[in-house]
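Each remark here refers to the structure printed beneath this line.
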Amino acid sequence: MPQKDIIVPHVKVKDRSIFSLEELYKLLIRWFENYGYDFQEQEYRDEDMGEGKKHLEIKWYAEKKIDDYFKFVMEINLFILGLESIEIEKDGIKYKTNRGEIEIRTKAYLLKDWNAKFEQSAFMKFFRDVYDKYIIRSRIEGYEGELYEETYKLLDEAKAFLNLHRF
Amino acid sequence: MAGPGKTEYVVGLPSTYGSEIRKKGILDPKRFHKEVIPWFFENKYIFNETNITNKDTTAGKEQKIIWNAFRKVDDYFKFNIEVEILLFRWRGEKAELNLRFKGWLEKDYMDKFRRRFGPKFGEFLRKIYEMYIVNEKIDKMKGKVWVETNGLIDECKKITSSLLR
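Sequence lines, in order, name chains A and B.
Reminder that position 43 of the first sequence reads as 377 in the numbering used here, one-by-one numbering, no gaps.
Reminder that position 85 of the second sequence reads as 93 in the numbering used here, one-by-one numbering, no gaps.
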């Protein structure tokens, strides 16, 4: 089984405001494409709450293959509560947008030996531990730092969007 | 059914679906059938609706349908998509809808290597062929089947008024 080094166990961005969910959704997906992640939407739950409001829960899984041994993985959960479509006017122009509460939860980890090459025997597993701890230790630390930075770049992108698009 | 090592899943796994859409509220299940099925024909898939089960319960009607579709890309590669549709608590216009998706690439679906060279030697040659000769093509094919499976997912999301990429 591949080894997981959890870099960001659980971090969230929460906001209650007026923002375009569609734009935020596309922005985040584009971020994964720009940073070279293979992205899959694992779950999309949409529940009508009546009175034009809905709850959404979206789960994303994104991974980036670094080489034959390492992968960066991010698991994102988006919770949108009480989402409603509204129309606002700014500088004389009408905009269709949304209002609601959004929470973005992120988990990121470094996947080592994702090909399970070292899973063939107990000796190989032992060798993998030695390999990780003594031979490529500084490389692992470098990748952990890189993944940490990328995760917070993603969250900064979301925060910037929510702050910038306040009405 | 493809032999071992001949399938590469890009969405989901053999035993689990990889992407799920759940919608609870007002929807027209018949519209869903009418508007999504043409996607398969437009994208040159051979489509088959199997496993339809209907049940009446006190909470409403329940219906489970499995869609299987495949597209032969050439004489070696085949794209496969499976969709599980579960409608429940269906009363009039209101229902809960679960859609689950799997997508995978099937290699050597005509079993050419085994037929020509025998089971063991044929399997060995197939692995060499895929590892060293068509390895880049396999990656491209996997990318394509991923794009097409997610294209279908987006089509289903349009009907359920969900967000698209």
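Virtual Cβ for every residue (Gly too), placed ideally from N, Cα, C.
Contact of Gln376(A) with chain B is assigned, a C-beta pair being separated by under 8 Å.
Of all residues in the stretch 382-393 of chain A, only Asp382 come within less than 7 Å of chain B when Cβ atoms are compared, listed by chain position.
For Glu28(B), at least one C-beta of chain A is nearer than 8 Å to its own C-beta. For Val155(B), the secondary structure class from DSSP, reduced to helix, strand or coil, is helix. Within chain A, no C-beta atom comes less than 7 Å from the C-beta of Thr15(B); the nearest is roughly 17 Å away. Burial state of Lys428(A) is exposed, judged by a 10 Å Cβ sphere holding fewer than 16 other Cβ atoms. Exposed is the label assigned to Val345(A), since fewer than 16 other Cβ atoms lie within 10 Å of its Cβ.
DSSP, read as helix, strand or coil, puts Asp372(A) in strand. Remark: C-beta atoms of Arg79(B) and Glu92(B) do not approach each other more closely than 8 Å.
The Cβ atoms of Ala492(A) and Ile341(A) do not sit closer than 8 Å to each other. The continuous stretches of beta strand (DSSP E) do not include Asp119(B), and DSSP gives it neither H nor E. Across the stretch 31-63 of chain B, CB contacts with chain A closer than 7 Å involve Lys31, Lys32, Gly33, Ile34, in sequence order along the chain. If only uninterrupted beta strand (DSSP E) runs of at least 3 residues are considered, those enclosed by the stretch 21-77 of chain B are 27-34, 54-65. Chain-ordered listing is empty here: chain B has no CB closer than 7 Å to the CB of Asp402(A), the nearest sitting near 13 Å.
The beta-carbon of Arg473(A) is placed no less than 8 Å from the nearest beta-carbon of chain B.
For Asp339(A), not one C-beta of chain B is nearer than 8 Å to its own C-beta.
The stretch 51-62 of chain B and the stretch 131-138 of chain B do not touch, with fewer than 3 CB-CB distances between them shorter than 8 Å.
Within chain A, the residues Tyr378 have their CB atoms less than 8 Å from the CB of Lys165(B), given in chain order. Counting only residues of its own chain and dropping the five nearest sequence neighbours on each side, Lys72(B) has a CB closer than 6 Å to the CB of Thr61, Leu94. Per DSSP, the beta-bridge partners of Phe109(B) are Ser27(B), Val91(B).
Using a Cβ-Cβ cut-off of 8 Å, Thr24(B) does not count as an interface residue toward chain A, since no Cβ of chain A sits closer than that to its own.
Here Ala103(B) carries a strand assignment [DSSP, helix/strand/coil]. For Phe132(B), the uninterrupted alpha helix (DSSP H) run begins and ends at 127-136, by DSSP. Residue state for Ile474(A) is assigned as helix, using DSSP reduced to three classes.
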